[in-house]
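These notes are about the structure you will find just below.
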Amino acid sequence: MRNNSGYALVIVLFVCAITTTLAISLLNIASSEYIMGCYARDYTLAYYLAEAGVQEALSALKNDPYYRGANNWKALGEGRYKTKIASKGTDSLTVTSTGKVRKAEAVLTVYVDLYIETDPEIYPDPPYMNTEIRVTSWDFYGPI
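If you read the sequence shown in my numbering, its first letter stands for residue 5, the second for the next number, and so on.
Listed below in structure tokens is the structure:
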């Protein structure tokens, strides 16, 4: 019976080592899931910020068809966005909007056709302008 005196300590140390290894593994998995969830949230917010920039540019184009954007960053909520409007032809435009939240960035590109109708008889100075905007395609660049 004298030879059995140290086995309980070895078993307790072995069980503690296994329990510690499992706890560290679970913490590692939980922290990785948290980080991935934060990145997904940030990319989703960046996408919606880029979409807000597109909608703002389309609204400005509706009011003034010759508007070409300020091309500077605007803060909104937790992030920021900027829009760029470029002519693609006589009545075709490309609206590119970038949304950023922390490290996440999403870029939306919208191809737009403008139809401008003027009627100087209604309002002679400045002439009345009715602008119709048709979105022909919508591209997205980002991880989502």
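Backbone N, C-alpha and C fix where the C-beta goes; we use that ideal spot for every residue, glycine too. The structure presented is a predicted model; accordingly, all values stated were derived computationally and were not measured.
Whole-Å CB distance - residue i paired with residue j, under 8 Å assumed
{"i": "lysine 104", "j": "glycine 83", "result": "5 Å"}
{"i": "lysine 88", "j": "asparagine 76", "result": "In fact, because the Cβ distance is near 10 Å, the residues do not count as touching under 8 Å."}
Boundaries of the alpha helix (DSSP H) in which residue i is found, first to last residue
{"i": "arginine 45", "result": "11-67"}
C-beta contact flag for residue i and residue j at 8 Å
{"i": "glycine 73", "j": "alanine 54", "result": "no"}
{"i": "tyrosine 85", "j": "threonine 102", "result": "yes"}
{"i": "serine 96", "j": "aspartate 117", "result": "yes"}
{"i": "leucine 80", "j": "alanine 56", "result": "yes"}
{"i": "lysine 149", "j": "isoleucine 137", "result": "Nothing can be reported for residue 149: it is not among the residues displayed for the chain, which extend from 5 to 148."}
{"i": "glycine 146", "j": "tyrosine 51", "result": "yes"}
{"i": "threonine 140", "j": "methionine 133", "result": "no"}
{"i": "threonine 98", "j": "isoleucine 120", "result": "no"}
{"i": "tyrosine 70", "j": "alanine 64", "result": "no"}
Cβ-heavy atom distance, residue i to the ligand SAH, below 7 Å
{"i": "threonine 23", "result": "Only the bare structure without any ligand can be found here, which leaves the ligand SAH out of the picture."}
| task | Decide if the segment 107-120 is in contact with the segment 22-30; the criterion is three or more beta carbon pairs, one per stretch, under 8 Å apart. | result | no
| query | Of all the beta strand (DSSP E) runs that stay within the bounds of the segment 71-112, which reach a length of 3 or more residues? | reply | 78-80, 83-91 and 96-105
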